[in-house]
Structure formats: C-alpha cells, structure tokens
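First the structure, in the form of structure tokens, and then the observations on it.
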Amino acid sequence: AMYLEMEGVRKVYMLGEAGLRRELEKVAEVIEDSPGAVYNPDVEAEKEVEEVDAVVVGMDFGFNMVKLARAVVHLRTPKADGSYPIHILTNPDAVIPINNQAMPEAATISAAIAANTDIPPTATVGKPNPLLFSIIAQAHPNIDPATTLMVGDRIDTDIKFGDASGIDSLLVLTGFQKEGDLERTSTQPTYIVDGVAALVELANQ
C-alpha cells in the first residue's frame, strides 16, 4: 500500500486474494473480477475500458481467462493523460507448496500477463526487494536492522531479502528448500533450523 502511495496510484485492477485487497484499499480504489466470471469477446468489445493506474498481481486462487484478459486490456489501454498503467508484482514466487504439490504463485500469473503484453512488472514490491524493508522502517522507525531477524523457508525470496536488506536471516527447512540447496547458491542464511519450534531454543541462546 505504501508503494502505491509513493507512485501516486489511486485506482488499481487487482488479481489476488482478500488480504491483498484489504491492504490496497487503504490507499486506492480496487476493482477485480470474480472467479466465476465468463469472458465474452463480443460483449467486451462494446465496453469502455475503466481507467486504472496499475494492475497489481498477487497470488490468486481464482485466476481465470477473464482476469487474464482484463489485465492485458488494462495494461494496453492508455489513461487520459497518455500514460499507461503500471504492472506491479507482489512477490517473485513462481510456485507455492500446497498439500505437497507445487501450485502456481504470483509470478506465474504475472508471467502470463507479460507474455500477452510484452510488459514485465515495473516493480516487484515484496521479498526480496529491499524496498520492502525501507518501507517497513519508515512506518516503524524504532526497528534496528542489527537486532532484526528475517525468518523464512525460501532461499530465493526470504533469505535473499535478508541479505539485500542488511539483516540476519534464518532458514526454516519446512518448505521446498533442503539444506543441500544451499550448496547451489551464494545466498546463505545466518541460521538454519529444522522447524519453527527450534526458534525458541535459538532465542534462548
């Protein structure tokens, strides 16, 4: 939400879940389509495209052809001042583990939109972008990077975010990542634990 304020965004077309909508509505008007909507090209051709400042893409369990088509149309339609809406991605995760299956995440949805428009995200505002920590620090000036710990289960987002933001990080081996994965990357956590319960022991050290 703070990033939208920084960019002067006042109205967005959103692909995402309720939590993202609540956050965006703090600073902007949000429009979206329901998962059950059906796309009719003839009907769509007669509609006037509603002007938006941005297309915001997050994890969306109801992603469908209607949402893809509308996102594409919004990004290709200039605003009254001649500028175009920006493509904002909430996080660069391509997959999310659900019931031991790799399900499509925000970056996969964004890639489908980019493939149709040749418009990649203008910004990825979530992890691992250190801009996120800067925004958090502005909102909470008492945060001290020296005593802050980033906890997560992904090397490419959570741990990389810690590195980029100059804070310690802890990798929890409860997701896709295994300890052997660290041998194939230069991004290294400060700490590694097998599960969240081990955090208590670490905190007492």
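According to our numbering, numbering within the sequence shown proceeds without interruption in unit steps and concludes at 257.
Ideal Cβ positions, reconstructed from N, Cα and C, are used throughout, including at glycine.
Asked, Found
"Supposed contact pair P180 and T209 - C-beta distance, whole angstroms, cut 8 Å", "5 Å"
"Beta-carbon proximity of T174 to I138, cut-off 7 Å", "yes"
"Among A53, A250 and E69, the one whose alpha carbon lies nearest that of E77", "A53"
"Closest residue to A195 among F185, D105 and G204 (Cα-Cα distance)", "In the sequence under discussion, the amino acid at residue 195 is Ile, which differs from the Ala named in the question. With distances taken between Cα atoms, I195 lies closest to F185."
"Continuous beta strand (DSSP E) stretch holding D220: start and end", "D220 to V224"
"Sub-7 Å separation of V109 and Y91 beta-carbons", "no"
"Continuous alpha helix (DSSP H) assignments of at least 4 residues falling wholly in the segment 159 to 243", "183 to 191 and 212 to 217"
"Bridge-paired residues (DSSP) for A154", "P149"
"Cβ pair R121, V107 closer than 7 Å", "Reading off the sequence, residue 121 comes out as Ala, not Arg. Contact: no."
"Beta carbon of I207 nearer than 7 Å to that of T239", "yes"
"Cross-strand partners of A121 (DSSP beta bridge)", "For A121, which the question treats as bridged, DSSP gives no partner whatsoever."
"M66, DSSP secondary structure in three states", "strand"
"Reduced DSSP secondary structure (H/G/I, E/B, other) of V109", "strand"
"V64 beta carbon less than 7 Å from that of A89", "no"
"Proximity winner among V61, E102, G114 and L56, relative to E69 (alpha-carbon distances)", "G114"
"Sequence-distant residues of its chain with Cβ nearer than 8 Å to L225 (five each side left out)", "D205, E231, I244, V245, D246 and G247"
"Where the alpha helix (DSSP H) containing E98 begins and where it ends", "P93 to E98"
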